[in-house]
Each structure stands twice: as C-alpha cells, then as structure tokens.
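Visitor: Have a look at this one.
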Amino acid sequence: MHPDDKRSDDKHPDDRHPDDRHPDDRHPDDHTHGPDEVPHTHPEPGIDPHPPLAEVPRALRIGIGGPVGSGKTALVAALCRALGGQLRLAVVTNDIYTTEDADFLLRNGVLPAERIRAVETGCCPHTAIRDDISANLDAVEDLEVALGPLDLVLVESGGDNLTATFSKGLIDRQIFVVDVAGGDKVPRKGGPGVTAADLLVINKTDLAPLVGADLSVMDRDARARRGDLPTVFLSLTEDRAATPVADWIRGLVAARIPA
Amino acid sequence: MSLATLLVLADGRLPAGGHAHSGGLETAVSSGRVRTVADVGRFLCGRLFTAGLVAAAFAAAACARPDRWAELDDGLDARTPSPALRKASRAQGRALLRAARAMWPLPAAGREPHHPVALGVVAAAARLDPAAAAVAAAHGSVTGPASAAVRLLGLDPYAVHALLAGLAPDCDRIAADAAARIDDPVDALPAAGAPLLDIGAELHATWEVRLFAS
Ligand SMILES: Nc1nc2c(ncn2[C@@H]2O[C@H](COP(=O)(O)OP(=O)(O)OP(=O)(O)O)[C@@H](O)[C@H]2O)c(=O)[nH]1
Ligand SMILES: [Mg+2]
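Protein sequences appear in the order of chains V and E. Counting the first sequence from 1 gives a position; this note's numbering is that position plus 1345. Counting the second sequence from 1 gives a position; this note's numbering is that position plus 15.
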C-alpha cells in the first residue's frame, strides 16, 4: 500500500526514536547534568534535524494577490503566454470556485492541465496564503514531483480584500493587482498588499476614462505608500503579454541563475 | 508530560491544513440536513462517536508505538471506505507532519500517513502520552466542523463554542478508553463508521463549486 515508503520494520536501529532504542545503542555523548547548570537541550542523536537539501535550486515562487476581479487570472494567463516558452512554469490557484481559474487557463490554452493545481481554502483565502500555507506548499511540491525541476511557480490567491498578504514561507516575491475600476482611492487606502508587495500592478487602465479614475492620483498615492517599491500601470486587454510584469519576473529569474 | 505542549498541538491555529476541511459539514449543510445550532450539535455528536472515536484510538496507539505506524495506517484505510475521505485524511496527515517537523524531531512515518497516525507519531515526538494524543484527536474531530459551521451558516460563534464545551467530557472519556486499548491488535481497535459521512464525502468530491477540501 505504500510502495515508496520505507517501513519502520526495515529501519536502521539509529533511525528509531531515541526512547525506543536499547540503552546500549544510546548516543555516547549522553551525560548527566549538575543541579546548577543552565537549562539546555541537545540535538536528538540519530535524527537529522535539517530538512533534506534540495537537489536543484527550487523554482522561484511568485504570489499574485489582490481584490476580487482585479485581473489576477488574466495576469497569470498573460505571464504564461509571455514566459511559457522560455521558463519551466507551473501555476497554483486558490480560487473560491476550486477549478474556475484553472479552467480559464486551460480554456485559453495558455498552460496544459498537468501544470496547474487548484487548492481549496475553506472560506478563508487569506488563511491559505498567510497563516496556514500547507495546502499551497503541498501543491507546489506535488507539481515539482510530477513535472521535475521548475524555474517559476505562480501562486494566484483567491480574490480577497486589501489586507491579504502572502507568507514568506510560501513565496519569494509577491505581486499585488488592483484595478482602476475600484476607484482611484485604492492606493491611498494602503494595506499590506498595496504598501509592501514587491510589485504593485494597477490594472485595467483602459477603463479609467469610463469610471472617472485619475491615474496621476493613483501614481502619486502609490509612490507615497510604497517608497522605492515599483508600481506598473497595465491594461491586460491591450497588452496581452503583460510586458512590464513579465520583464520584472525575467529579471528575478536571471538574478537567481548563475550565468 | 507538558500540558502546554498539548495545547500547542491541539491549537486550531496550528498551521496543519485543518482550516480547509469541514469534516463532512459542507455536504450536510448543502443537503439541508444541518441548518441550526441544534443541528450542528447533533452533527458534532455523531462525528465524535464515529470518526472521533476511531481517530482517538489510532492516535493513542500510534503515540504508544510510533514504529507501528504502517500497520495502523493500513487499519485506518480499512476503516475508511470513501476514497475522498482517505485522501482528505492523508492530506491532513502530511500537513501535520510538515508543521510538526519544524517543532520536534520526527521519526519516519511515511510521506502522507492518515491524520490520526501522524498525530500519534507527532505526539510521541513531542513527549506527550497516548491519552493526550487521543484527546487531541477527539477534540480535533469536532473543532474543525464547528468552525466550518460558523463560516458556512453564519451561526452565533458563542453558541457553537458552547457545543464544543458540552462535548469536552465526552472527548475526555473517549480519550481515556483509547489510552486503555493501545496494546490491542489493530483489527480489534474501534471501527465505528458513519455511512452518511462516507457518501457525503464522495458526493462532495464531485461538486464543481465547493469551499472546503472535504
Ligand atoms: N477592461 C479590462 N478588463 C480586464 C482587464 N484585465 C482583466 N479584465 C477582466 O476583468 C475580469 C476579471 O478578471 P480576472 O482575471 O478573472 O480577475 P481575478 O482577479 O482573477 O478575479 P478573482 O479570481 O475572481 O478574484 C474579467 O472579465 C477580465 O476579462 C483589463 O486590463 N481591462
Ligand atoms: Mg482569478
């Protein structure tokens, strides 16, 4: 039933829990402590406390967050189009409709099914990317096991509010996507996505005249909130390859791979 | 044994994947079987005395003898007819091992053992005793669906937590029984089943729109 698992019965004696070992097998460093000693612990003999080293550098992981409908999936699709031919790429989606985002990517033919995993978030999209990232980590790991080494994994969060942010345990860099249709006040409101994301994307600039959004106000407020962190304006209906975002990612990937 | 360590392991905020699982509640809600706080109370009671009872027995046994994990894992497979529930249990076992590995040195227990087996192995690594592992298993079998009920039905969180407090003595009793049976052969351990949870889990896995992983 577990062909790949090493059953405990064929384990080397030193792999057993120290308490299960025969006293004669105990670590030679076992020693007693005087009553006046500072409390301290010893590493468990026989158990390697270090996580196994990855054989190859793991993929760069980029989180893509932002409010509902701001264009996260459209951005992922554009990045797949722009980068899919150059980089070994996979996508994890956290959509409320478990397969909605994945289906969109499949329908649009930007990524084959085996390169996409969907994660269910139990009504809490921010929990799945911030407080309890286990399902997302499992999805990334499963992709790497199934596909072999990857250069880039994009993790799209479920649409949430301005306070959602990715854990650094899950991703290396994060992009926050807002859109002009939400009003030109959004950058001013701040929140961790707007203020601290490694890249802020202000999407749907084509709609600005229709909703009376002033892009210069958004630009000024974003600068005020973000200091030196970069912000790009984008219209995914006009730029189907998300050029400024794809270039930013190319730069990150190049910086990781020694020439 | 450290009580504070048990609290760390049983804390609902432990990042071990539990928040995405409703323990069958999402199906029960969607089919209209669970609507009110009283319904939730009956659901939790049913779950505790079936899935919770089995989980407690296997967690206690795995805590007493972590080297038996594979045999216990097979025993849980035999007690889990629904493939969707097996998958959910293994996903949560894997997530628990991932979280625990950062806290305590763990012995081998496979890549994704069933959750109660992982819980027992982790409890042993944290120097907890079998009764503690069992109480964490029993309690965990109802806290997950209780918080799912608050999220899915918008129920009064105080009323739902009062249900959990009411079930606490039952959790303790189940854990004590489980701790008394750690030397039983796997086949003699409890095998209480909940066919509606099995059927519901299989239906749930086919839904196009769902909020919880199980
Ligand atoms: N006009 C215009 N529409 C856009 C643009 N980018 C995306 N859209 C549209 O906005 C809608 C929402 O885009 P999605 O990519 O699904 O947004 P999302 O952020 O993934 O949404 P959720 O996952 O539901 O939170 C779709 O109808 C897109 O076609 C854009 O630049 N301009
Ligand atoms: Mg989307």
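Glycine included, C-beta positions come from ideal geometry on N, C-alpha and C. Being a predicted model, the structure only gives us computed values, none of them experimental.
Is the stretch 137-153 of chain E in contact with the stretch 68-83 of chain E, if contact means three or more CB pairs nearer than 8 angstroms?
Guide: Output reads yes: the stretch 68-83 of chain E touches the stretch 137-153 of chain E.
Visitor: Within the same chain, show all residues whose beta-carbon is closer than 7 angstroms to that of leucine 179 of chain E, passing over the 5 residues directly before and after it, in chain order.
Guide: Within the same chain, leucine 179 of chain E has close Cβ partners Val157, Thr158 and Ala161.
Visitor: Determine which residues share a DSSP beta bridge with glutamine 1519 of chain V and list them.
Guide: Paired residue(s): V:Gly1408.
Visitor: May I ask you to list, following chain order, the residues of the stretch 1447-1478 of chain V that have a beta carbon less than 9 angstroms from some beta carbon of chain C?
Guide: This model lacks chain C altogether, as its protein chains are V and E.
Visitor: Could you tell me whether any non-hydrogen atom of ligand 4 is closer than 7 angstroms to the CB of aspartate 54 of chain E?
Guide: In the structure on display, ligand 4 does not appear, and the ligands it does have are ligand 1 and ligand 2.
Visitor: Where in the stretch 34-116 of chain E do unbroken runs of the alpha helix (DSSP H), each at least 4 residues long, occur, reported from the N-terminal end onward?
Guide: DSSP runs (the alpha helix (DSSP H)) wholly in the stretch 34-116 of chain E: 40-45, 52-62, 68-79, 84-94 and 98-116.
Visitor: Under 6 angstroms Cβ to Cβ from aspartate 1566 of chain V, same chain only, skipping five residues before and after it: list those, please.
Guide: Pro1532 and Arg1533.
Visitor: How big is the Cα-Cα spacing for threonine 95 of chain E and tryptophan 119 of chain E?
Guide: Roughly 29 angstroms separates the two Cα atoms.
Visitor: Can you pull out the residues from the stretch 1479-1501 of chain V whose beta carbon lies closer than 8 angstroms to at least one beta carbon of chain E?
Guide: Here the close residues are Ser1479, Ala1480, Leu1482 and Asp1483.
Visitor: Determine the closest residue to arginine 1571 of chain V out of V:Gly1557, V:Arg1595 and V:Gly1536, with distance taken between C-alpha atoms.
Guide: Comparing Cα-Cα distances from arginine 1571 of chain V to each of V:Gly1557, V:Arg1595 and V:Gly1536, the minimum goes to V:Gly1536.
Visitor: Do the stretch 81-99 of chain E and the stretch 129-142 of chain E make contact, defined as three or more Cβ pairs closer than 8 angstroms?
Guide: Output reads yes: the stretch 129-142 of chain E touches the stretch 81-99 of chain E.
Visitor: If we ignore side chains and look at the alpha-carbon of each, how far apart do leucine 1488 of chain V and aspartate 1551 of chain V end up?
Guide: Going from the Cα of leucine 1488 of chain V to the Cα of aspartate 1551 of chain V covers about 35 angstroms.
Visitor: From V:Ser1479, V:Val1598, V:Leu1597 and V:Asp1524, pick the residue whose C-alpha is nearest to that of leucine 111 of chain E; which is it?
Guide: The candidate whose alpha carbon is nearest that of leucine 111 of chain E is V:Ser1479.
Visitor: Quick check on aspartate 202 of chain E: buried or exposed, where buried means 16 or more other Cβ atoms within 10 Å of its Cβ?
Guide: By the 10 Å Cβ count, aspartate 202 of chain E comes out exposed.
Visitor: For isoleucine 1605 of chain V, name the three-state secondary structure that DSSP assigns.
Guide: Within the shown structure, residues of chain V are numbered from 1346 to 1604, placing residue 1605 of chain V beyond reach of any answer.
Visitor: Per the contact definition of three or more C-beta pairs closer than 8 angstroms, is the stretch 1580-1593 of chain V in contact with the stretch 23-34 of chain E?
Guide: These segments do not touch.
Visitor: Is there a C-beta anywhere in chain V that falls below 8 angstroms from the one on proline 131 of chain E?
Guide: So, not an interface residue.
Visitor: Is it buried or exposed, proline 1373 of chain V, if we count other Cβ atoms within 10 angstroms and call 16 or more buried?
Guide: With a pLDDT of 42 at proline 1373 of chain V, under the threshold of 50, the predicted position of this residue should be treated as unreliable, and no value is reported.
Visitor: For the beta strand (DSSP E) that contains valine 1498 of chain V, what are its first and last residues?
Guide: Taken as a continuous stretch (DSSP letters only), the beta strand (DSSP E) holding valine 1498 of chain V covers 1497-1501.
Visitor: Out of E:Ala75, E:Ala174, E:Leu226 and E:Arg225, which one is the CA nearest neighbour of aspartate 54 of chain E?
Guide: Ranking E:Ala75, E:Ala174, E:Leu226 and E:Arg225 by Cα distance to aspartate 54 of chain E puts E:Ala174 first.
Visitor: Report yes if the C-beta distance between threonine 1466 of chain V and alanine 35 of chain E is below 8 angstroms; otherwise report no.
Guide: Yes, they are a contact pair.
Visitor: If distances are taken between C-alpha atoms only, which option among V:Met1563, V:Val1522 and V:Gly1557 comes closest to isoleucine 1407 of chain V?
Guide: Checked all of V:Met1563, V:Val1522 and V:Gly1557; the closest Cα to isoleucine 1407 of chain V is V:Val1522.
Visitor: Tell me, please, which residues DSSP counts as bridged to alanine 1463 of chain V.
Guide: Answer is V:Thr1438.
Visitor: Using 8 angstroms for Cβ pairs, my map puts alanine 1541 of chain V next to threonine 1510 of chain V. What's the rounded Cβ distance?
Guide: 7 angstroms between Cβ atoms; contact.
Visitor: What are the partner residues of aspartate 1524 of chain V, as DSSP defines its beta bridges?
Guide: Per DSSP, V:Asn1548.
Visitor: Between aspartate 88 of chain E and glycine 125 of chain E, is the Cβ-Cβ spacing less than 8 angstroms?
Guide: The answer is yes: Cβ separation under 8 angstroms.
Visitor: Which term fits valine 1413 of chain V, buried or exposed, when burial requires 16 or more other beta carbons within 10 angstroms of its beta carbon?
Guide: So valine 1413 of chain V ends up on the exposed side.
Visitor: As a quick exercise: from E:Leu168, E:Gly108 and E:Leu226, pick the residue whose alpha carbon is nearest that of arginine 50 of chain E.
Guide: Closest option to arginine 50 of chain E, Cα to Cα, is E:Leu168.
Visitor: Exposed or buried, proline 122 of chain E, counting other C-beta atoms within 10 Å across all chains shown (16 or more means buried)?
Guide: Answer is buried; the Cβ neighbour count reaches 16.
Visitor: Taking 7 angstroms as the cut-off, is the C-beta of lysine 1549 of chain V nearer than that to any heavy atom in ligand 2?
Guide: No, the beta carbon of lysine 1549 of chain V sits no closer than 7 angstroms to any heavy atom of ligand 2.
Visitor: So for aspartate 1564 of chain V, helix, strand or coil by DSSP?
Guide: The answer is helix: DSSP assigns aspartate 1564 of chain V an H, G or I state.
Visitor: Please confirm if leucine 226 of chain E has its CB atom under 8 angstroms from at least one CB of chain V.
Guide: Leucine 226 of chain E counts as touching chain V.
Visitor: Take lysine 1549 of chain V as the anchor and find which of V:Ala1447, V:Arg1462, V:Val1577 and V:Asp1573 has the nearest alpha-carbon.
Guide: It is V:Val1577 whose Cα lies nearest to the Cα of lysine 1549 of chain V.
Visitor: Within the continuous beta strand (DSSP E) that includes phenylalanine 1578 of chain V, where are the two ends?
Guide: Note, phenylalanine 1578 of chain V: beta strand (DSSP E), 1576-1578.
Visitor: Three-state secondary structure (DSSP) at glycine 1505 of chain V?
Guide: For the record, residue 1505 of chain V in the displayed sequence is aspartate; it is not glycine. Reduced to three states, the DSSP call for aspartate 1505 of chain V is strand.
Visitor: Less than 8 angstroms separating the beta-carbons of aspartate 1543 of chain V and leucine 1507 of chain V?
Guide: Not closer than 8 angstroms, so no.
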